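In the working numbering, the protein residues as written are 2 to 972.
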């Protein structure tokens, strides 16, 4: 049987996320089934790869990604990646089943499964990445998708706060990781994981080793909630319990320790590694285990216990011996099993009793005996009770801490035993809810859950016992394969037997169990543990408060800088911009001021007159902009026409045509927008007879700076144009436009072929801008004084003043222009088709054709009005934009199916009857997409403005007949 591609392990969860997102949010079974099927398929594929890995091989698949930068998309699976894949997919499958019964009918379940599978795919991308840059990309995706999962209950302030906190901390760590990865790539000369792991000695000997280590460690420690970044994890407990069971047992928090294990061959084995990683781990395991004892929320207790156990794994990696790495990998497995079962057990308790507060919960074994038994067994594993899986890896931890200090330094051993004592105490605190008399005042009557909700917990608890009783038979091969993939030739000998005789590690385990039970009894009997709301002495260490204070300080600092340097008024911003634009070039120019001489004999008089007209229009527009907006807009249009003529003069017909159409469309749209600006009152109306000296000073200053800026830009442009031009790439496109792009119009071939990816980005931005304008205008409400009907439409001498535009177009004075312009619509449509079809060889193309057709539609709106046009034409601009982007993207993706890079163009010459030879480039469909996006974006903006008019007309009709004052009063 042919082995299935490894990349399916990454793609299947994302495909499941898309399918789930398309299902109704009110459905429960279909999203759960879809998520389960995709996860199960990926799990089966992952399991099937074990035989290949057991033979000491690495499964590797390479896909071309960014070949110009030497980056390939590499999917790499070794023993460690296989282990984490099984945890991510296996526990994920159980959580999917569990969530089906946990989530409420009121919850948008389809969205939940979409988020969860997207996170699963991101985590699989981290685990299977064979390229460090690729790993960082998926690393940040896990932060993004975990933000969505933690903040799933959007109405909860705690959920939103926890999601923001987790996202901020982990993404900041991700930026540090990216910087560290770039340094590693610089040292090694490659970002491929195999090359980096093989260059351990080179990395450790390099002068940049310490910065790289610190940055990578920051990325790992923030993701795994290690001190001093541990505070975000307890606040993430505001997420639904299935999210906590998944993210905080097998996935998100394990990503950090996965990274440390993965890069141990490259970065480990130095004193710096031991002090940084081991030091953070020791502090974390002690603080986490101590804080867990004093939590009253069952999920809060498990959150701090997770922090502590992650600290245990980090300490083992910091110790850095081969056997400690084996112990770390073993405890990663064990912790995922018992912690996922405990989180799901807490979810069952919360679901069936309505609370997680241990101060009110008691005697639950009487109402929920099976759930109580499962939770007690998993808690025993967490505490390190013999014959449980947690006992074996914790005993290995004790042995390694004793070994690293030797007979002279027992500090690590004391810390390990203290952590063991605290873990026993909080485990007893956890299971205390099952003993005593059954509480009577619970929000719900406690009872056992439905059978399939408890099934995932049962599976995991059986694994706890099986690994604890038969470790070698159950996980021996898995641990060996995973450890050997990291250690290689340094793989140590070890024994997974449950009995090693009486030794120091066994004594430390026994002492932790006895002293932990004694500590819990003392706290319960002498210090009223149930009533304690904070940790003695250490309650002042509030990482969350430090985080909030830091974020507040950053916000206040940003506000102060904005208030100091920014303004909401455009004029001061332009003042600063133009001042810098004048001063900075003068400081950089050497010699200070030297321009090539101007040869007046080479100036064309007609061209000079043309530019004088354009300059006069620009100056007039600036002068009239404040009080005479219509006149200013007309003169701005004049500068646009002069620009278009200039392009024609300089033999650039494509640019001239585009400029002319853009000028037409934008003038109309701006004109429609100006209608809703409030009128500007002249000083005479405001009874201001004379401007104060400060105003004259400001105006003089601004005029000088404006003139200086304009002259500076003109001088810079002249200096650049008079220089001998460097070798141009234009000849490259001219020579290859026809042979490689299939067209003789170099400009169009450049846009849709050579730089097609740029054009795709531009039309995407255009679509986003149009949708944003539409959304903003839908919520826009104009100023009160601009709602009234303009005086020009309310004139008593106008016989059509009471007619709507549609009525005027049907039988009023606009009837003849309306008929003429309606007949013009198909003519302009044919013209648009003409310019579109010829665009690959002659001036034209999708952009120009789209503007021509949009102009034809705009004219219909202007003459006949919104009601008439939309009753006769079903435009739906949103669909035009959607289909345009689809056509453009489909053209690019189609090249993949032929084995070519994205957006590679192909040209076919078809010999058709009657028509003869037909030139059919694939860029034709791309140009169709550009055409549709341009028309859709223009019309969407127009529709938004037109509907604003309809709303305002309704408001004006409901009110009294108020008009805007005559022009002489406001102009």
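We treat Cβ as the ideally placed atom computed from N, Cα and C, and that holds for glycine.
All of these numbers come straight from a predicted model, not from anything done at the bench.
Can you tell me where the beta strand (DSSP E) holding residue 73 begins and where it ends? 72-78
So for residue 971, helix, strand or coil by DSSP? Here the model assigns residue 971 a pLDDT of 33, short of 50, so the residue's position is not dependable and the matter cannot be decided.
Consult DSSP for residue 63 and reduce its assignment to one of helix, strand or coil. strand
Who are the near neighbours of residue 144 in its chain, counting only those whose CB is closer than 7 Å to its CB and skipping five residues on each side? 168, 171, 172 and 175
Are three or more beta carbon pairs between the stretch 109-128 and the stretch 232-240 nearer than 8 Å? no
Closest by CA to residue 643, which one among 633, 834, 619 and 338? 619
Cα-Cα separation between residue 462 and residue 444, rounded to whole angstroms: 28 Å
For residue 549, the residue or residues it bridges with in DSSP: None, per the DSSP bridge assignment.
Bridge partners of residue 909, per DSSP? 921
Using C-beta distances below 7 Å, list every residue in its chain close to residue 608, excluding the 5 sequence neighbours before and after it, in chain order. 650
Per-residue burial, residue 465 [other beta carbons within 10 Å of its own, 16 or more giving buried]: buried
Mind checking which residues open and close the alpha helix (DSSP H) that includes residue 674? 654-675
Between residue 771 and the rest of its own chain, which residues show a CB-CB distance below 8 Å, the 5 nearest in sequence each way excluded? 878, 882, 937, 938, 939, 941 and 942
Can you tell which of 511, 146 and 753 has the C-alpha that lies nearest to the C-alpha of residue 18? 146
Give the straight-line distance between the Cα atoms of residue 330 and residue 892, rounded to the nearest whole angstrom. 47 Å
Between the beta-carbon of residue 762 and the beta-carbon of residue 754, is there less than 7 Å? no
Would you decide whether residue 655 is buried or exposed? Buried here means 16 or more other CB atoms lie within 10 Å of its CB. buried
Any idea what DSSP makes of residue 446, helix, strand or coil? coil
Determine which residues share a DSSP beta bridge with residue 358 and list them. 298
Taking the alpha-carbon positions, what's the residue 1 to residue 233 distance? Nothing in the structure corresponds to residue 1, since the chain is present only between 2 and 972.
To the nearest angstrom, how far is it from the Cα of residue 72 to the Cα of residue 309? 38 Å
Is it buried or exposed, residue 265, if we count other Cβ atoms within 10 angstroms and call 16 or more buried? buried
What is the C-beta distance between residue 904 and residue 757, in whole angstroms, given that I count them as a contact (C-beta under 8 Å)? 4 Å
Can you grab the Cα-Cα spacing for the pair residue 870 / residue 570, in whole Å? 38 Å
Whole angstroms are fine: how far does the CA of residue 853 sit from the CA of residue 828? 11 Å
When we look at the beta-carbon of residue 603 and count the other beta-carbons within 10 Å, is it buried (16 or more) or exposed? exposed
Contact between the stretch 333-342 and the stretch 465-480: three or more CB pairs below 8 Å? yes
Tell me the DSSP secondary structure of residue 965 in three-state form. Note that residue 965 scores 45 on pLDDT, short of 50, meaning its location in the model is unreliable; the coordinates nonetheless yield the value given after this. Residue 965: coil per DSSP, three-state reduction.
Can you list, in chain order, the residues of its chain whose CB lies under 7 Å from that of residue 328, leaving out five sequence neighbours each side? 317, 394, 397, 398 and 401
Which residues mark the beginning and the end of the alpha helix (DSSP H) in which residue 625 is found? 606-625
Can you check DSSP and say which residues form a bridge with residue 30? Partner(s): none; residue 30 has no beta bridge.
Presumed contact (8 Å Cβ cut-off) between residue 140 and residue 214, rounded CB distance: Rounded, the Cβ-Cβ distance is 17 Å, inconsistent with contact.
Cβ-based neighbour list, residue 295, same chain, cut-off 6 Å, excluding 5 preceding and 5 following: 533 and 536
Only counting the same chain, and skipping five residues up and downstream in sequence, which positions put a Cβ closer than 6 Å to that of residue 675? 630
Contact criterion: CB-CB distance below 7 Å. Does residue 544 meet it with respect to chain D? The structure shown contains no chain D; it is built from a single protein chain.
Reduced DSSP category for residue 603 - H, G, I as helix; E, B as strand; rest coil: helix
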